[in-house]
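Worksheet for the structure shown next.
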Ligand code: ADP
Ligand code: MG
């Protein structure tokens, strides 16, 4: 037997990293800005605990394009690196300085918002650059250094001049990646991945018009000045405690998140948990009806304010994919594949937490303002019904907030409904019969006749109603849903007062015979009605199971 070590040579690894580490080349910018952010937040942390004796100030990150040189620059004012640290953190592929930092300062830094953790992000620069330079000066005051690497395992490291603390990364953009020298492209990427990152990001300047003084003459021309063009909002609403936010703040954030969305959301759910995993976020219930961008504007997943993806299938339960908003969790792995994500334990916990949180929110909304909740029901019912059918955890709580509207616009909770109908709507076996219409216009005469008998008729008209009914019949004891045009309705235990018909018995029988012959279909039953209160002299019904067979 022989034992040994598999020899992994760096020469082999580099092209692999370049090709396969990330399927998306554009994420290099996200990675470099994440590093710049980490460097800034580390300095913030070290100054706050008194370990770095420098002025933290108001640091920002700058992104610059130099078209002539074909370079892209990412400049930060963070902790910087000494020559020794460059050797340690940069030259060792897959050694994460971010993880090391968190380990070293684990008592104080767990909420510092440090992003990195695989020690690979930096090398994504080589997906778009054929040469990368680092010019960096540590806050510790040692001489600045310049590191240059052309994507081969060889590098150079030398002392250099740099006035300010921090790091500048210079990418010499490769021939096949010149799109990353376009201002429009970089702006697009910054807005996609970095819109809510915690350190201000400057990209160019913009003209700012100064307000005119109160007593300015009418023909006065306002003065302008060039100011930094900051592309991000470093403190998005989900990072702020809910008690400090007004409804307007939430609405403003919604539009910030979805600039093309003009419809106001119905309400929001602020997520905030730090045990057993970390997660913050805000979910919105959009108005689903005639909402144009609903397909495009999806729930966005962030990790420490860095955009990861808006493909959240598997992380968010299916029925909540109809919602909008953001979820931010450092516990969701950034760089791994979708199938891995779905099997990940943390991700599963996150999914069930969100489900629970939405259920709780629904309960409190209906308790706080029943009338308002009823008004919104039509817009939210698809989500609730979908959840009721597909998520057991959600279904368990759903009686507290699922409404059953009647054709005459009363809204019952399940308990209220059963209380109301238990004395009048049972069949001979003691089953509670819940009558419903699926289309108030088409089933008008059946509805009328049921109402004349004093029955409540629900209006259940959403597309998944057959499944909702199935679910309820399976989970509630002795309950049957019967559509108003089913023959069942005639077998209900009648209320005390008899229905008086203008026709005598013989007349009734002959009419019934005539009609039955006319339709020649034994699957239907003809029921005569009270002519006084009903504009239809009789109704034709069909067994519920027959109808359902057709509907399924
Ligand atoms: P990770 O961010 O997962 O730790 P990276 O490959 O992205 O891994 O970066 C490796 C390390 O290089 C970082 O952890 C950090 O120590 C160092 N580094 C990278 N960029 C900077 C920067 N702009 N300023 C200071 N240190 C940096
Ligand atoms: Mg990183």
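In full-length UniProt numbering, the protein residues as written are 1 to 552.
Every residue gets a Cβ at the ideal spot worked out from N, C-alpha and C, and that includes glycine.
Give me the Cα-Cα distance between residue i and residue j, rounded to the nearest whole angstrom.
i	j	result
residue 404	residue 453	20 Å
residue 42	residue 76	12 Å
residue 1	residue 100	38 Å
residue 496	residue 456	Low per-residue confidence applies at residue 496: pLDDT is 44, beneath 50, and the placement is therefore not dependable enough to give any value.
residue 460	residue 187	48 Å
residue 315	residue 115	20 Å
residue 372	residue 261	23 Å
residue 3	residue 90	32 Å
residue 532	residue 449	For residue 532, the predicted model reports a pLDDT of 47, less than 50, meaning its position is unreliable and no value from the coordinates is stated.
residue 207	residue 468	57 Å
residue 26	residue 184	13 Å
residue 59	residue 242	27 Å
residue 451	residue 427	17 Å
residue 355	residue 288	19 Å
residue 210	residue 226	10 Å
residue 174	residue 397	56 Å
residue 395	residue 245	31 Å
residue 218	residue 212	10 Å
residue 52	residue 192	33 Å
residue 96	residue 330	16 Å
residue 37	residue 409	54 Å
residue 121	residue 385	42 Å
residue 399	residue 471	13 Å
State yes or no: is the C-beta of residue i nearer than 8 Å to some heavy atom of ligand 2?
i	result
residue 122	yes
residue 31	yes
residue 345	no
residue 558	Look at the range of the chain in this structure, 1 to 552, and you will see that residue 558 is not part of it.
residue 112	no
residue 304	no
residue 35	yes
Can you determine whether any heavy atom of ligand 1 sits closer than 8 Å to the C-beta of residue i, and answer yes or no?
i	result
residue 89	yes
residue 101	yes
residue 167	yes
residue 79	yes
residue 38	yes
residue 97	yes
residue 136	yes
residue 154	no
residue 107	no
residue 85	yes
How many whole angstroms separate the CB atoms of residue i and residue j, which I take to be in contact at a CB cut-off of 8 Å?
i	j	result
residue 72	residue 190	Not confirmed; about 12 Å, so no contact.
residue 434	residue 480	7 Å
residue 326	residue 238	6 Å
residue 307	residue 282	The Cβ separation is near 15 Å, so there is no contact.
residue 49	residue 63	Rounded, the Cβ-Cβ distance is 29 Å, inconsistent with contact.
residue 271	residue 381	At roughly 22 Å, the Cβ-Cβ gap does not stay under 8 Å, so residue 271 and residue 381 are not in contact.
With DSSP as the reference, please indicate the residues paired to residue i in a beta bridge.
i	result
residue 45	Residue 45 is not bridged to any residue.
residue 406	458
residue 83	Bridge partners of residue 83: none, in fact.
residue 147	134, 157
residue 324	284
residue 205	228
residue 483	436
residue 170	73, 133
residue 415	In DSSP, residue 415 forms no bridge with anything.
residue 62	75, 202
residue 91	DSSP, once it has assigned bridges, lists no residue as partnering residue 91.
residue 271	281
residue 181	Paired residue(s): none; residue 181 is not in a bridge.
Could you say if the region 440-450 and the region 363-373 meet the contact criterion of at least three C-beta pairs nearer than 8 Å?
-> no
Contact between the region 137-148 and the region 72-91: three or more CB pairs below 8 Å?
-> yes
Report yes or no: do three or more beta-carbon pairs, one from the region 153-160 and one from the region 104-116, lie closer than 8 Å?
-> No: fewer than three Cβ pairs fall under 8 Å.
With contact counted as at least three CB pairs below 8 Å, one residue from each stretch, are the region 195-206 and the region 227-238 in contact?
-> The count of Cβ pairs closer than 8 Å, one atom from the region 195-206 and one from the region 227-238, reaches three, so the stretches are in contact.
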